[in-house]
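S.K.:
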Amino acid sequence: MTIVTNLNPNEKLLSENENENSELQRKIWKQRVKGILILLQMALIGIMIILVVFNVYSEYAYQPETINPDVVRIKGLFNEFVQKYGKKYDSPREKLRRFNIFYSNVLSYEEEERKNPELDLDVTEFADRTDEELKMILLAYENDSILEGTYPRKSKNYQPIPNRPENHNWNEQGKVTAVKNQQQCGSCWAFATVAAVESGLAIKNSTLLSLSEQEMVDCDRSNNGCHGGVRAYAMRFVQKNGLVPEQTYPYTAEEDAQCHLKKDKNDSRIFINNYELLGKSEDQIADWVYSKGPVTFGMNVTRFLYYYRNGIFTPDPKDCTQNSLGSHAMTLVGYGKDANTGNLFWVVKNSWGQYWGENGFFKLARNVNACGMANNVVAAIL
Numbered sequence: 001m002t003i004v005t006n007l008n009p010n011e012k013l014l015s016e017n018e019n020e021n022s023e024l025q026r027k028i029w030k031q032r033v034k035g036i037l038i039l040l041q042m043a044l045i046g047i048m049i050i051l052v053v054f055n056v057y058s059e060y061a062y063q064p065e066t067i068n069p070d071v072v073r074i075k076g077l078f079n080e081f082v083q084k085y086g087k088k089y090d091s092p093r094e095k096l097r098r099f100n101i102f103y104s105n106v107l108s109y110e111e112e113e114r115k116n117p118e119l120d121l122d123v124t125e126f127a128d129r130t131d132e133e134l135k136m137i138l139l140a141y142e143n144d145s146i147l148e149g150t151y152p153r154k155s156k157n158y159q160p161i162p163n164r165p166e167n168h169n170w171n172e173q174g175k176v177t178a179v180k181n182q183q184q185c186g187s188c189w190a191f192a193t194v195a196a197v198e199s200g201l202a203i204k205n206s207t208l209l210s211l212s213e214q215e216m217v218d219c220d221r222s223n224n225g226c227h228g229g230v231r232a233y234a235m236r237f238v239q240k241n242g243l244v245p246e247q248t249y250p251y252t253a254e255e256d257a258q259c260h261l262k263k264d265k266n267d268s269r270i271f272i273n274n275y276e277l278l279g280k281s282e283d284q285i286a287d288w289v290y291s292k293g294p295v296t297f298g299m300n301v302t303r304f305l306y307y308y309r310n311g312i313f314t315p316d317p318k319d320c321t322q323n324s325l326g327s328h329a330m331t332l333v334g335y336g337k338d339a340n341t342g343n344l345f346w347v348v349k350n351s352w353g354q355y356w357g358e359n360g361f362f363k364l365a366r367n368v369n370a371c372g373m374a375n376n377v378v379a380a381i382l
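Once you know that position 54 of the sequence shown is 54 in UniProt numbering, the rest is easy, because the numbers rise by one and skip nothing.
1. Kindly identify the DSSP beta-bridge partner or partners of Tyr-275.
2. I need the DSSP call for Ser-327, collapsed to helix, strand or coil.
3. In the structure shown, what three-state DSSP assignment does Leu-332 receive?
4. Go to Asn-350, then tell me how far its beta strand (DSSP E) extends in each direction, as first and last residue.
5. Can you have a look at Ile-28 and say buried or exposed, based on whether 16 or more other CB atoms are within 10 angstroms of its CB?
6. Express the C-alpha separation of Trp-170 and Asn-163 in angstroms, rounding to a whole number.
7. With a CB to CB cut of under 8 Å and the five nearest residues on each side skipped, what residues in its chain are close to residue 413?
8. Whole angstroms are fine: how far does the CA of Ile-285 sit from the CA of Thr-314?
9. Specify the secondary structure class of Tyr-251 as computed by DSSP and reduced to three states.
10. For the candidate residues Tyr-335, Leu-121, Lys-175, whose alpha-carbon lies nearest to that of Ala-365?
11. If I'm right that Phe-78 touches Phe-102 with Cβ under 8 Å, what's the distance once you round it to whole angstroms?
12. Would you kindly work out how many angstroms separate the C-alpha atoms of Lys-273 and Thr-193, rounded to a whole number?
13. Are Asn-205 and Lys-337 touching if we call contact CB-CB under 8 Å?
14. For the beta strand (DSSP E) that Asn-310 lies in, which residues bound it at each end?
15. Work out the CA separation of Leu-44 and Leu-121 for me, nearest whole Å.
16. In whole angstroms, what is the alpha-carbon distance linking Leu-251 and Asn-100?
17. Would you give the residue range spanned by the beta strand (DSSP E) that Met-136 belongs to?
18. Please state whether DSSP places Lys-34 in a helix, a strand or coil.
19. So is Leu-37 buried or exposed if we call it buried at 16+ other beta carbons inside 10 Å?
20. Report the rounded CA-to-CA distance for Ser-327 versus Gln-41, giving the unit in angstroms.
21. Note down, in chain order, each residue of its chain lying with its Cβ closer than 6 Å to the Cβ of Lys-135, except the 5 sequence neighbours on either side.
22. I'd like the list of long-range same chain contacts for Trp-288, defined as Cβ closer than 7 Å, with 5 residues on each side in sequence excluded.
23. Considering only C-alpha positions, which residue in the set Gly-228, Leu-261, Ser-268 is nearest to Thr-207?
24. Would Gly-186 pass as a contact of Gly-242 if the rule is Cβ separation under 8 Å?
25. Which value, in whole angstroms, describes the spacing of the CA atoms of Thr-248 and Arg-114?
26. For Ser-104, count the other beta carbons within 10 Å of its own beta carbon; 16 or more makes it buried, fewer makes it exposed. Which is it?
27. Whose CA, out of Asn-343, Asp-319, Tyr-290, lies closest to the CA of Met-299?
28. Can you give me the C-alpha to C-alpha distance between Glu-132 and Gly-35, rounded to a whole angstrom?
29. Output the distance between the C-alpha atoms of Lys-95 and Pro-69, rounded to the nearest integer angstrom.
30. Buried or exposed: where does Leu-107 fall if 16 or more other Cβ atoms within 10 Å of its Cβ makes it buried?
31. Alpha carbons only, please: which of Phe-271, Ile-312, Gly-76, Ala-202 is nearest the one belonging to Asn-116?
32. Given residue 443, which residues of its chain have a CB within under 7 Å of its CB, disregarding the five upstream and five downstream residues?
33. Taking the alpha-carbon positions, what's the Glu-65 to Gly-353 distance?
34. Which residue marks the beginning of the beta strand (DSSP E) containing Ser-102, and which one marks its end?
35. Just grab the DSSP bridge partners of Asp-220 for me.
36. Would you identify the three-state DSSP class for Asp-120, choosing helix, strand or coil?
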């Protein structure tokens, strides 16, 4: 027996609509579920990234056995560095950025040490800075044609000094003032000049007096303050205007548009009689240092000088010309010969503070014109 059920057309249409709505709801639900899964996946990836960063850098928890040992070791160096130099960072993100720079710099200088085992490089105040930041305290390269026109005297008729001692250091004789720190100001030209004048005064009058670099930064209009200068112009300034004691015009590491010197030139100012451009012979330069006193010089700076601790710094000539970060002015205060290797060196007074190098000094390879150091040596004549 067959039962035939005839549906009302309206009822049939309603049933079809219900089926369509049900299918649409299923599609909407699938899309929602898919969207939720994508969001969860993205959140999971974000959490994983955060955990990776946290494990590498967290002050509190990382698993040493799961991390590159260099990261753990260098993180310890970084913590010591932050404490020693009183480093302050604006945010955890900035601190992480500085750690990454520090990490890269340490690995770089350690590789250089392996190539030059007689050279000791180490963490210094500059270890968390980029090359671009390091350039800020350097000078543009000195142009020989400009320098030639600034010197009233050039060393002539040079006569070598017979039997000059193998070692001579004015610092060991108490004729060099304490190492200073130019900080973020590109005023090395002033520090080098002042150091030479201070030592010349001490040798001549047995008076060890710290003189003012800030005076030159603010008042020497022929130079550019914290943005660099030429040592010849600086010498000319001292010859015409003199230098007051540092306590009279203390250093601020900033350039003031106004010169605060008194017009009265009788306020204990120190003058020089003249200044001289020495020849490029390093034997001649050593003779001058031995017989007359410290002199100023400029050289191209390679990045590894920033990490110098001790040893004889012998920069790669290729680095000097192709990878130099800029020029830097300093003061030669002595010279010597290494007792073990027989290598010759200069004793250099820098202006990067007493924590850098050997209490602010370093040894530079001699008789190789390291990074052009002999090209423009300027001496003060008191």
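Glycine included, C-beta positions come from ideal geometry on N, C-alpha and C.
M.R.: Quick look at the numbers:
1. Ala-380
2. strand
3. strand
4. Unbroken run through Asn-350: none, as it is neither H nor E.
5. exposed
6. 18 Å
7. Absent from the model: residue 413. The displayed extent of the chain is 1 to 382, so no value can be given.
8. 18 Å
9. coil
10. Tyr-335
11. 5 Å
12. The sequence as given places Asn at residue 273; Lys does not occur at that position. Computed Cα separation, rounded: 14 Å.
13. no
14. 308–310
15. 43 Å
16. At residue 251 the sequence reads Tyr, which differs from the Leu that was named. Those two C-alpha atoms are separated by around 33 Å.
17. Run containing Met-136: none; DSSP gives neither H nor E here.
18. helix
19. exposed
20. 53 Å
21. Leu-325, Gly-326
22. Leu-278, Val-295, Ala-379
23. Ser-268
24. no
25. 47 Å
26. exposed
27. Asp-319
28. 45 Å
29. 20 Å
30. exposed
31. Ile-312
32. As shown, the chain starts at 1 and ends at 382. That puts residue 443 outside it, with no answer to give.
33. In this prediction, Glu-65 has a pLDDT of 43, which is less than 50 and means its spatial position is unreliable; what the coordinates show is noted afterwards. Looking at the two C-alpha atoms, the distance is approximately 38 Å.
34. In the sequence as presented, Ser is not what sits at residue 102; that position holds Phe. Here Phe-102 belongs to no beta strand (DSSP E); instead the alpha helix (DSSP H) covers 92–115.
35. For Asp-220, which the question treats as bridged, DSSP gives no partner whatsoever.
36. strand
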